[in-house]
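S.K.: My questions will all concern the structure given below.
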Amino acid sequence: MTGSTFTVSNLGMFGVDAFSAIINPGESGILAVGSAVPTAVAAGEGIAVRAIMKLTLTADHRLIDGELGARFANAVRRRLEDPAAMRRELASSWELASS
Numbered sequence: 006m007t008g009s010t011f012t013v014s015n016l017g018m019f020g021v022d023a024f025s026a027i028i029n030p031g032e033s034g035i036l037a038v039g040s041a042v043p044t045a046v047a048a049g050e051g052i053a054v055r056a057i058m059k060l061t062l063t064a065d066h067r068l069i070d071g072e073l074g075a076r077f078a079n080a081v082r083r084r085l086e087d088p089a090a091m092r093r094e095l096a097s098s099w100e101l102a103s104s
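Here the sequence shown stands for residues 6 to 104, where the numbers follow this note's numbering.
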């Protein structure tokens, strides 16, 4: 692999719930993606079962400080939690690019 700056490593498809990944040489970061696990969570006044997927971001702090890493991780989380909003955002971006 050459010319890359960031990697997404998905071991969730192999049943791995969570893991930490090591940054590849020459890259700025890596996102480790675990499997979606049915988990009991608070929902209003009750409890509901939701698929919870653990993501672990590892970043080179010479390039990315903790605040920027947290903002990136939160942006990924928001998009995964609301795929319809992500589609609307992409559609809006494509409209701007084509005009």
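Where is the CB? At the ideal position from N, CA and C, for every residue including glycine.
(1) When we look at the beta-carbon of Val46 and count the other beta-carbons within 10 Å, is it buried (16 or more) or exposed?
(2) Residues in the same chain with beta-carbon distance under 7 angstroms from Ile28, minus the five sequence neighbours each way, listed in chain order, please.
(3) Is there a Cβ from chain B that is less than 8 angstroms from the Cβ of Ile35?
(4) For the stretch 23-101, which segments carrying the alpha helix (DSSP H) assignment without a break, of at least 4 residues, lie completely within its bounds, in sequence order?
(5) Does the beta-carbon distance from Val54 to Gly39 come in below 8 angstroms?
(6) Between the beta-carbon of Ser9 and the beta-carbon of Ala26, is there less than 8 angstroms?
M.R.: In terms of the structure at hand:
(1) Taking the sequence shown and counting its residues from 1, one reaches residue 46 at position 41. Burial check for Val46: the Cβ neighbour count within 10 Å stays below 16, so the residue is exposed.
(2) Numbered from its first residue, the sequence shown carries residue 28 at position 23. Correct list, in chain order: Gly34, Ile35, Thr63 and Asp65.
(3) As a matter of chain content, chain B is missing from the structure shown, which is built from one protein chain.
(4) Fully enclosed alpha helix (DSSP H) runs of 4 or longer: 71-86.
(5) Counted from its first residue, the sequence shown places residue 54 at position 49. Counted from its first residue, the sequence shown places residue 39 at position 34. Result no, Cβ atoms of Val54 and Gly39 do not sit closer than 8 angstroms.
(6) Numbered from 1 along the sequence shown, position 4 holds the residue referred to as residue 9. Numbered from 1 along the sequence shown, position 21 holds the residue referred to as residue 26. No, these two residues do not count as a Cβ contact at 8 angstroms.
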